[in-house]
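Below is one structure, written out as structure tokens; comments come after it.
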Amino acid sequence: LNSSLNEIRLLHLSPGGDEDEFYCSLSIVSLDDRPQYEALSYVWGEDSDDTLPISLGGKTVQIRRNLHLALRGIRDPDCERILWIDALCINQGDVEERYTQVAIMGDIYSKAYCVLAYIG
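So in full-length UniProt numbering, spot 38 of the sequence shown is number 38, and the numbers just go up one at a time.
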């Protein structure tokens, strides 16, 4: 991500039913372009071993159960949802990116057209 361009990743959550697998992809956008997205805030949970799979960009990745439940609750059966979710939109393995993205989280949440809160 190019921090000088105010770039963030957005998660594209494909439509589906309650029992369907999750199919997602990521895109890179600039906050300066005022992209339309929803931001999801949720409790990460305490047990990092408690994970479930999703398909992200054609690869299977493990996400925490709380996030999986939140995605299941907000997924639309007919329409794609475009979301910013810290655990998936920030490369958690890149310390510099994490630092930069955390510094602009206030902007990320305030520029979302809707902020969703999942409390479990």
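All residues carry an ideal CB built from backbone N, CA and C; glycine is no exception.
Within-7 Å CB hit, residue i to chain C
i: residue 83; result: Included in the structure is just one protein chain, with no chain C present.
Residue i, buried or exposed, once every other Cβ within 10 Å from all chains shown has been counted against 16
i: residue 119; result: exposed
i: residue 103; result: exposed
N-terminal and C-terminal residue of the beta strand (DSSP E) that residue i is part of
i: residue 24; result: 23-30
i: residue 99; result: No beta strand (DSSP E) holds residue 99; the alpha helix (DSSP H) holding it covers 95-103.
i: residue 55; result: 51-56
Helix, strand or coil at residue i [DSSP, three-state]
i: residue 114; result: strand
i: residue 5; result: helix
C-beta atoms of residue i and residue j nearer than 7 Å
i: residue 72; j: residue 52; result: no
Among the options, the one whose alpha carbon lies nearest that of residue i
i: residue 74; options: 109, 42, 7 and 25; result: 42
i: residue 68; options: 8, 24, 104 and 3; result: 24
Span of the alpha helix (DSSP H) around residue i
i: residue 72; result: 65-74
i: residue 88; result: 86-89
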